[in-house]
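If you're matching positions, the first sequence starts at -6 in this note's numbering and goes up one per residue.
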Amino acid sequence: MFALIDCNSFYASCEKIFRPDLKDRPVVILSNNDGCVIARSSEAKKMGVSMTQPWYQVKDQYLSKGGVVFSSNYEFYADISNRVMNVLSDLCPEIDIYSIDEAFLDLRSFKKNIDLISFAYDCKRIIKEWIGIPVSIGIAPTKTLAKLANKVAKDDPRFDGVVILSEPRAIKHFLKSMPVEKVWGIGKKLTIRLENIGVKTAYDLTQIDSRLIGDNFNVVLERTVRELKGQSCITLHDFMEPKKQIMVSRSFGRSIRSKNLLSEAISFHASRAAEKLRHEKQKCRLITTFIRSNRFNSKIRQIYASRSLELIHPTDDTRVIIKNANRILEQIFADGYQYAKAGILLSDFTDSYGYQMSLFDKKRDDKKATKLMETIDYINLMEIAKVGFGNQGYRNTWRMKREIKSQRYTTKIDEIPLIR
DNA sequence: TCTGGGGTCCTAGGACCC
DNA sequence: TCTGGGGTCCTAGGACCC
């Protein structure tokens, strides 16, 4: 059996931890640039605010009805997430952290006749009492079924946040009541294609001929169907898989035309990406830079330009990454467009402890570079000062908006809550 | 004026090889 | 009214997820 533990309205719930005055108030969290809504408390959901809705469309009405809003505060959410995951791994060491707000537990290592119901309610109570975050729990023989059970646990108040599926007959009944688009891995496009062949519920999906799936769909769907039938195909990861790519990209506070400003933004993102890369203990060989206009604005001339560059030596050196990212920018930049977003993608990783040199490579002494990067990371991490590179710019014209951010209650000594 | 960011996996199709 | 048949490797792009 697998359990899926999912935090309810995670970001909104985080904001409520240190603000008891917001207990029953609607709370929404905005994406970077305060662009659109990415989390809503249950009260905000009831007001009809939808996910990824542009903020400007709901702002006036929402605020006039007494709604509360925050810019996203990822540092804070990540810290609360860590606390939740730590508690969960104490309760069950076989844990697979799936995202910032959810984790799978593999319950097969438990004793045979453990009472799943009381285990689930204990989990829920402990996380609420110790950390202050409400969670929903779905338990079932496969991850896909646990995911589905979790959805119902969260949406249907009759279940009080816990749904356990174990009996085949109950599972069948449950699947018949589930629209196919609620199934994990079935998105918009697949829903349309499935409905066209008469598949409306999750149960219908378990009944279609596997040859039909092989001919018309792909192995992903085939796996989903097997999981719905109770055959576990998606297991826990034994260890944290290393990342395969690192992306840093941002929309600008307002659109810009100048290459110099773009270069500052690219350098800034490149620097962040290099930091992440070193944190993963990887080196990259491929650097991709992209710049684009605002795709929602049909009145302006559109552009999306991107190019990749392959390095001879894999690197994690911020200076090398910045330099090459800007070389790409030189190649793809075109005058006369309004750019709204820029980003950098690092990929083709090799372990930073060693890589295969070619026969004619000179032995390279990059100890100095390694030491320099380590020192910069340390200074920034410890917040002794903020160290960056000159070409990251000092102008703030392209920086994002984040105007209504809460305090970093748990990670900054001068922002911890005060009790007077 | 105002529409996020960061991932994964899979597949089709091109380049290239014999 | 006709122009082989496999292979492999790589990349771009689609679909999906949170």
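Glycine included, C-beta positions come from ideal geometry on N, C-alpha and C.
- Under the three-state reduction of DSSP output, residue 332 falls in the strand class.
- In this structure, 273 is the residue among 84, 273, 104 with its C-alpha nearest to the C-alpha of residue 343.
- Comparing C-alpha distances from residue 409 to each of -6, 11, 7 shows the shortest one belongs to 11.
- For residue 194 against residue 173, the beta-carbon gap comes to about 6 Å, under 8 Å, which counts as contact.
- Of the other Cβ atoms in all chains shown, 16 or more fall within 10 Å of the Cβ of residue 134; this residue is therefore buried.
- Here residue 216 has 226 as same chain residues with Cβ atoms under 6 Å from its own Cβ, once five neighbours each way along the sequence are excluded.
- Note that the stretch 151 to 161 does not touch the stretch 178 to 196; fewer than 3 beta-carbon pairs, one per stretch, sit closer than 8 Å.
- Secondary structure note for residue 155: its beta strand (DSSP E) is the uninterrupted segment 155 to 157.
- Between the C-alpha atoms of residue 242 and residue 79 there is a straight-line separation of about 30 Å.
- Short of 7 Å from the beta carbon of residue 366, and not among the five residues preceding or following it, lie these beta carbons of its own chain, in chain order: 271, 309, 310, 311.
- For secondary structure counted as the beta strand (DSSP E) over 3 or more consecutive residues, the stretch 10 to 95 holds these complete runs in sequence order: 20 to 23, 30 to 33, 61 to 64, 88 to 92.
- Taken in chain order, the complete beta strand (DSSP E) segments of 3 or more residues contained in the stretch 152 to 215 are 155 to 157.
- With fewer than 16 other Cβ atoms inside 10 Å of its own Cβ, residue 407 counts as exposed.
- For residue 119, the secondary structure class from DSSP, reduced to helix, strand or coil, is helix.
- Bounds of the alpha helix (DSSP H) holding residue 145 are 136 to 148.
- Shown here for residue 302: same chain residues with a beta carbon closer than 7 Å to its own, the five before and five after excluded, namely 280, 317, 320, 321 in chain order.
- Counting along the chain, the unbroken beta strand (DSSP E) around residue 133 starts and ends at 128 to 133.
- A contact is defined here as three or more CB-CB pairs under 8 Å, and the stretch 24 to 34 meets this definition with respect to the stretch 55 to 65.
- Secondary-structure assignment with DSSP links residue 243 through a beta bridge to 335.
- Membership of residue 324 in the alpha helix (DSSP H) is indicated by the continuous run 311 to 325.
- Annotated as proximal: residue 99 and residue -5, with beta-carbon spacing under 8 Å.
- The alpha-carbon of residue 147 is positioned some 10 Å away from that of residue 2.
- Contact between residue 77 and residue 107 is absent: CB atoms are separated by about 22 Å, not below the 8 Å threshold.
- Our two residues, residue 129 and residue 300, have alpha carbons roughly 43 Å apart in a direct line.
- Note that the C-beta distance between residue 229 and residue 139 is not below 8 Å.
- Under the three-state reduction of DSSP, residue 110 is assigned to helix.
- Proximity to residue 39 across 104, 55, 90, 69 peaks at 55, based on C-alpha coordinates.
- At a cut-off of 4 residues, the continuous stretches assigned as alpha helix (DSSP H) that sit fully inside the stretch 245 to 299 are 252 to 272.
- If you check the CB distance, residue 278 and residue 341 come in under 8 Å.
- Taking the C-beta atoms as reference points, residue 176 is found nearer than 8 Å to residue 198.
- For residue -2, no alpha helix (DSSP H) run applies; the uninterrupted beta strand (DSSP E) run containing it begins and ends at -5 to 0, by DSSP.
- With a beta-carbon spacing of about 28 Å, residue 112 and residue 403 fall beyond the 8 Å limit used to define contacts.
- Cβ-Cβ distances below 7 Å link residue 74 to 93, 94 in the same chain, with the five nearest sequence neighbours on each side left out; the list follows chain order.
- Taking the Cβ atoms as the reference, residue 66 lies roughly 16 Å from residue 392, outside the contact range of under 8 Å.
- Residue nearest to residue 333 within the set 362, 168, 286 is 286 (criterion: CA-CA distance).
- By the CB criterion at 8 Å, residue 335 and residue 239 fall outside the cutoff.
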